[in-house]
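Q: This is the structure I want to talk about, given as structure tokens.
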Amino acid sequence: MFNIEEELKKLPGKPGVYIMRDKDNNIIYVGKAVSLKNRVRQYFRKTNKTQRIEKMVSLIDHFEYIVVDNEAEALILECNLIKNNRPKFNVLLKDDKTYPYIKIDIKSDYPGVYLTRRLTNDGAKYFGPYANPGAAKEMIDFIKQKYKIRQCKILKERTRPCLNYHINRCLAPCMGYVTKEEYRKQIDEIIDLLEGRTNKIIKELEEQMKRSIRKIRLRKSR
């Protein structure tokens, strides 16, 4: 028999995804966490909770969790699990047409990456629908932080690059500062990320983290 109090003690302080199930083993909620131990325990504490969360917690019979390497991987896994299972406490929208998608206009010479609620036959590549709109927005934010892609809706020639170029957030295709081939490499990596092929990006993030740690240690040693 599943003892929630005992199972809470076993939770690791690592990033991952947790899956709440009812007595019939139906998935009723999926969430992500930087620390599974801290996040899952919060649901069972006597603190102020919304009526929706209180109702969800009252139906929890047991839970499962999946440990991952980092928050980005947890976000991707959470999105996929919600999309595939549509847990009732995740799904606030009832009509599939209103769920957000991530759109990449791959027919463009310099594709952009956007959130959209319209799925049209325009030759673009769509990912979704995402039953959790917040998670879809987080994914877009992560992509824009990680990759130097254009953030303007309409690409047009400029006399000078915009602010995103100056803060190292865009390669300024509007100014011809990047070739189509170089820009496309970023788009291919983003597509891999959205399709769940995350090994490369996880390795890159780990290398970035190691470089940052080395810089910090070097400063302290001076």
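According to numbering that gives the first Met the number 0, the sequence shown holds residues 0 to 221 in order. All residues carry an ideal CB built from backbone N, CA and C; glycine is no exception.
#1: Using 8 Å as the Cβ pair cut-off and three pairs as the minimum, do the region 34-53 and the region 96-109 touch?
#2: So what's G133 in DSSP terms, helix, strand or just coil?
#3: Here's the rule: buried if 16 or more other CB atoms are within 10 angstroms of the residue's CB, otherwise exposed. What is D94?
#4: So is C78 buried or exposed if we call it buried at 16+ other beta carbons inside 10 Å?
#5: To which residues does DSSP link K147 through a beta bridge?
#6: Under 8 Å by Cβ, that's how I've got P86 and V16 pegged, so tell me the actual separation to the nearest angstrom.
#7: Which partner residues of V39 appear in the DSSP bridge assignment?
#8: In the DSSP output, which residue or residues are listed as bridge partners for R20?
#9: Between K155 and the ligand FAD, is there a pair consisting of the residue's CB and a ligand heavy atom that are separated by less than 7 Å?
#10: Out of K155, M174, I27 and L204, which has the shortest C-alpha to C-alpha gap to L80?
#11: Per DSSP, L114 is paired with what?
#12: For Y146 and Q185, which I take to be in contact (beta-carbon distance under 8 Å), what is that distance rounded to the nearest angstrom?
A: Per the coordinate set shown:
#1: With the cut-off at 8 Å, the region 34-53 and the region 96-109 do not touch.
#2: Against the sequence shown, residue 133 aligns to sequence position 134. Per DSSP, reduced to three states, the secondary structure at G133 is helical.
#3: Counting from 1 along the sequence shown, the entry for residue 94 is found at position 95. Low confidence applies here, because D94 scores a pLDDT of 44, under 50, leaving its location unreliable; read the following figure in that light. With fewer than 16 Cβ atoms within 10 Å of its Cβ, D94 is classed as exposed.
#4: Position 79 of the sequence shown, counted from the first residue, corresponds to residue 78. C78 is buried by the Cβ-count criterion.
#5: Residue numbering aside, residue 147 sits at position 148 when the sequence shown is read from its first letter. Residue pairing by DSSP places K147 in no beta bridge whatsoever.
#6: Working through the sequence shown from its first residue, we reach residue 86 at position 87. Working through the sequence shown from its first residue, we reach residue 16 at position 17. With a Cβ gap of about 12 Å, P86 and V16 do not count as contacting.
#7: For this step, residue 39 is matched to residue 40 along the sequence shown. According to DSSP, V39 bridges with nothing at all.
#8: Within the sequence shown, residue 20 is the residue found at index 21, counting from 1. Bridge partners of R20: I26 and H61.
#9: As for the ligand FAD, it is missing from this structure, which has no ligand bound.
#10: In the sequence shown, residue 80 corresponds to position 81, counting from 1. Nearest C-alpha to L80: I27.
#11: Mapped onto the sequence shown, residue 114 falls at position 115. Paired residues: I101.
#12: Within the sequence shown, numbered from 1, the residue matching residue 146 stands at position 147. Within the sequence shown, numbered from 1, the residue matching residue 185 stands at position 186. Y146 to Q185, Cβ: 5 Å. Contact.
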